[in-house]
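These notes are about the structure you will find just below.
Protein chains in written order, with our numbering: chain S, 1 to 585; chain B, 1001 to 1585.
If you want it as structure tokens, here you go:
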């Protein structure tokens, strides 16, 4: 029990020097990678860069205690930073103390929501985000984020929440492009693209082992940071209008408290919920991918608690919403991290950086951070998925396309909501008209098959319908309409058999529909029978006294139903009947 | 095509004198029943009583043209009147011109929504209201409505939207009870209860045929109206404080236009949607019940258009939201109505009444109308359903109870929304963890059964999982977790077979989960196989190139998968193995 809520207890006891060495190695590499990324994502969220460092310290300790993944690395991530900017930007102006306080409050709200969802074991709600919706949302967010950073590369001021707004803002500001900034930003972007794609092969060509080359390439952004800082200092670029990070307060994260103002909480709870769900879904899929590689397991409901604790920790130390990041978790895994202690060591590294390294970052150009973000997020944009979805399922494509379009045109929050709504609508539409088939007997066998697919025997006074779905409230009305429509078309009908071999459950609405069908058929002079009802379903039908009212019978097999009811044609028995019918079977 | 959108064309051509006689007879009886009911329901909606007559004229013509039920009678109904009072009461004060205009606007909004839902064939959305939710809502509405009318019986002023508010309002006003009003209201209520339960048997005892007795009993409220009017006049009760209907404008309905004010529409669209859905669900179930009795059919999407047209007609003639009523439709059916023309004749009857009868209603006490409502709605309260649901399904009971509680405590709109939300939540929760079973071979057969239910053969290196549900985004994550968890528990595992005999469809998320499972199993040295994949599902998997990546194979039968994979234990073949394994099968 205690281990369930404190997964740290499962691995801390067997911790030894070997694991320690692996975890420390991984922590050093992740720390180097995280420093520029944390600053950049904080900027993307509209916050002072140092807040990115704050959000990368306490949350990592919290996850080490409460998280179930051995290798997940939590902290600021691109999509959640964008969502934070969108949510907080709606209630406060960037650069103000209110803006920061709102971001802290957002982290606290999200943390509490995640923890509550975890304690109530409501992780299944994340299922509402289908893969096509998530993928569309991530692609569109990547495009939005990259576009939002272009202003830092150009050295202009431009705003905008939606893509058209951003584009028109940039177009209007192009005249004011700062050439010195451009001279930093463009080479930095190109260099980082090359680092991502070309550096590892280049290092391998000069004889570096593949894994070391991979790790070295991950430190590429640090090189871009160092070189552009030196360029700013060397050429005095600040005087030419290059905007830099400036003074970053030196020291450990402050203790912070979220706002308890009702109006603020009311404005932030929907974005906080969306951030929680998006963050959880992303984080869990990364954690599951990595866990499977080592045949480990994660516990999704406990992951909610772990991420909730991380966000509460972030809020209490002046940070903003965090979640498990894909890139950093993979680096952590590849660098050999064995336990969440690697995350704690990374936190120590970031804490040391925020104590001692921040003065060195004074002259860091914002353009370099923007280049880091652009290169990171463009890899999120996925051009293959729309094509695959179009080929595989038009409905899934529609949910994907709606999510992309509405995220770009109306912002991240409406984008997620629209994706969930379209997905759910399509699901409900499909669930409301499940598959069913009129069946007949395959001659010479006991098998019953769809009359439209095979040549089978049927009788005019006997209709057999196979229902290929559980009977729930979503299809209860369809069931009534379907059965009554089939009956209305067949005047000589005397018996209807519902073949329930694929009915795993019947809810109260399904039961009421069966009762209604039974009564309406009786009114029309037709008897209702069931066949092949599963054990648990039968138990419930008995408990509900449905069988007392049923005008017909429950047959163990469709075959026995057909054989017995074939004889009851309702006509006076004559030489041609019913024995002919029997012979025909 | 034209017949689909104008169902009148299907029956008008074969209209003859015999049908005319039946329809006219039914129309006379329904008209007599409708006059007091229409006045009463308008009062319940907070509108002048004459508005109830207006809402019973043009809508009936519109339904005759566009509706598909032969016997449904549309007009004001109790639950929708209560919902109207709740919606309109939030934006205007009862008795004002704004209040009436808002009610007209509500009818127009609801009409447009219904028609649009019908044209887009979105009738399935009504499925979101499960039977337990509808039944809970109707019961709670009945209690609310009856309570709201007590003030008219007591002759006091009292308000309140929710049940506790109403009860405390009544308790506070008891001192002011008007004895003359009470002397009208209590006998009227008791008389109407007796009319409902005891009049028909009494008339039959004195020799009246059953059907005539039934119809005469339906006219009982008219007797109550007549007697109480005479009592008011005879005893001069108005001077003793008995509140009466007063002057009703004489004449045909006015031409009205809904408001186009943005703020009003914004405030009314959610209630309009809820009224539309509740009205549609009620109306369709009545229409289906009656249609089935004569083996007729209704077309639910066209019913949306029919009800939409009725509500638009209501709005244009100064009425308020209408729908198909249960009581009046049954009377119409029993009285022998054959076609919707009976509805049109009823409309003529009501029009004549509003032209000539309204002066007679000046002295009609409101207490009589309240008694009519109380007796009508108390039959809506259903005490059996909660008990049945508790026995049958705790989840359905929860949705029912939540709907009742929230409708009583927080009003009709939140009640419906809460019911839908609880129902959907429970459905999604169940859908997110479908049934699956580890299966093994029943010795000596080709059958595979759940290892927990039967004694079956399994092999340590081979895991067979039967999935009893289509793979959709709601259970995609569950599928990954379930399979990977089973695999993590079995170190010697080399093969996983997913038995897909019950998988009717795989959406894009399900496909991605299969791909993820495949990759993760490969990482762990395990091959994934499928068996018994249905034809249409297989076609799609091929189109998506899933089979190219699949580490294992697709077997036609689970039996052949078991037979072949049993041999591949991964150990060096020795005398005890794999032939022993084969012998064991």
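Even glycine gets a Cβ: it sits at the ideal position worked out from N, Cα and C.
Spatial distance of residue i from residue j (CA atoms)
{"i": "residue 1586/B", "j": "residue 1095/B", "result": "Nothing about residue 1586/B can be reported from this structure: the residues present for chain B run from 1001 to 1585 only."}
{"i": "residue 527/S", "j": "residue 1125/B", "result": "31 Å"}
{"i": "residue 1024/B", "j": "residue 1354/B", "result": "19 Å"}
{"i": "residue 1340/B", "j": "residue 562/S", "result": "40 Å"}
{"i": "residue 964/B", "j": "residue 1242/B", "result": "Outside the displayed range of chain B (1001 to 1585) lies residue 964/B, so it cannot be described from this structure."}
{"i": "residue 11/S", "j": "residue 47/S", "result": "36 Å"}
{"i": "residue 519/S", "j": "residue 511/S", "result": "12 Å"}
{"i": "residue 1568/B", "j": "residue 405/S", "result": "50 Å"}
{"i": "residue 1544/B", "j": "residue 1498/B", "result": "18 Å"}
{"i": "residue 1045/B", "j": "residue 1274/B", "result": "16 Å"}
{"i": "residue 551/S", "j": "residue 560/S", "result": "17 Å"}
{"i": "residue 376/S", "j": "residue 1454/B", "result": "54 Å"}
{"i": "residue 459/S", "j": "residue 409/S", "result": "58 Å"}
{"i": "residue 388/S", "j": "residue 1121/B", "result": "28 Å"}
Residue i at chain S interface by Cβ criterion, 8 Å
{"i": "residue 1007/B", "result": "no"}
{"i": "residue 1293/B", "result": "yes"}
{"i": "residue 1445/B", "result": "no"}
{"i": "residue 1041/B", "result": "no"}
{"i": "residue 1529/B", "result": "no"}
{"i": "residue 1023/B", "result": "no"}
{"i": "residue 999/B", "result": "Only positions 1001 to 1585 of chain B appear in this structure, which leaves residue 999/B out of reach."}
{"i": "residue 1472/B", "result": "yes"}
Chain-ordered neighbours of residue i on chain S, where CB pairs are closer than 9 Å
{"i": "residue 1288/B", "result": "477, 480, 481, 484, 516, 520"}
Min CB distance residue i to chain B below 8 Å
{"i": "residue 427/S", "result": "yes"}
{"i": "residue 512/S", "result": "yes"}
{"i": "residue 540/S", "result": "yes"}
{"i": "residue 363/S", "result": "no"}
{"i": "residue 582/S", "result": "Legend: pLDDT at residue 582/S = 40, less than 50; position of this residue unreliable, value from coordinates given subsequently. Judged by the 8 Å Cβ criterion, residue 582/S is not in contact with chain B."}
{"i": "residue 543/S", "result": "yes"}
{"i": "residue 127/S", "result": "yes"}
{"i": "residue 507/S", "result": "yes"}
{"i": "residue 333/S", "result": "no"}
{"i": "residue 273/S", "result": "no"}
Collapsed DSSP secondary structure at residue i in the structure displayed
{"i": "residue 1015/B", "result": "coil"}
{"i": "residue 529/S", "result": "strand"}
{"i": "residue 168/S", "result": "helix"}
{"i": "residue 1004/B", "result": "helix"}
{"i": "residue 127/S", "result": "helix"}
{"i": "residue 1244/B", "result": "strand"}
{"i": "residue 1574/B", "result": "Because residue 1574/B carries a pLDDT of 46, less than 50, the predicted location of this residue cannot be relied on, and no value is offered for it."}
{"i": "residue 1585/B", "result": "For residue 1585/B, the pLDDT reaches just 41, beneath the cut-off of 50, and the residue's location in the model is therefore unreliable, although a value from the coordinates is still provided. DSSP places residue 1585/B in coil when its eight states are reduced to three."}
{"i": "residue 207/S", "result": "coil"}
{"i": "residue 1588/B", "result": "Only positions 1001 to 1585 of chain B appear in this structure, which leaves residue 1588/B out of reach."}
{"i": "residue 1436/B", "result": "strand"}
Partner residues on chain S for residue i, Cβ-Cβ distance less than 7 Å
{"i": "residue 1136/B", "result": "Those do not exist, as residue 1136/B stays about 11 Å from chain S at its closest Cβ, beyond 7 Å."}
Opening and closing residue of the beta strand (DSSP E) in which residue i lies
{"i": "residue 442/S", "result": "Segment: none, residue 442/S is in no beta strand (DSSP E) and carries neither H nor E."}
{"i": "residue 496/S", "result": "495-499"}
{"i": "residue 449/S", "result": "448-450"}
Residue span of the alpha helix (DSSP H) that contains residue i, given as start and end
{"i": "residue 317/S", "result": "Taken as a continuous stretch (DSSP letters only), residue 317/S belongs to no alpha helix (DSSP H), as it is neither H nor E."}
{"i": "residue 1464/B", "result": "Taken as a continuous stretch (DSSP letters only), residue 1464/B belongs to no alpha helix (DSSP H), being part of the beta strand (DSSP E) at 1462-1467."}
{"i": "residue 1372/B", "result": "1366-1378"}
{"i": "residue 542/S", "result": "535-543"}
Listed by chain order, chain B residues near residue i by CB distance under 8 Å
{"i": "residue 300/S", "result": "1477, 1481"}
{"i": "residue 391/S", "result": "1543, 1544"}
Neighbour list for residue i in chain B, Cβ cutoff strictly below 7 Å
{"i": "residue 466/S", "result": "Ordered by position in chain B, no residue passes the 7 Å Cβ test against residue 466/S, which lies about 12 Å from the chain."}
Under 9 Å from the C-beta of residue i: neighbouring residues of chain B
{"i": "residue 182/S", "result": "The contacting residues do not exist; residue 182/S stays about 40 Å from chain B at best."}
{"i": "residue 504/S", "result": "1434, 1435, 1468, 1469, 1502"}
Chain-ordered neighbours of residue i on chain S, where CB pairs are closer than 8 Å
{"i": "residue 1495/B", "result": "In chain order: nothing, as chain S lies at least about 15 Å away."}
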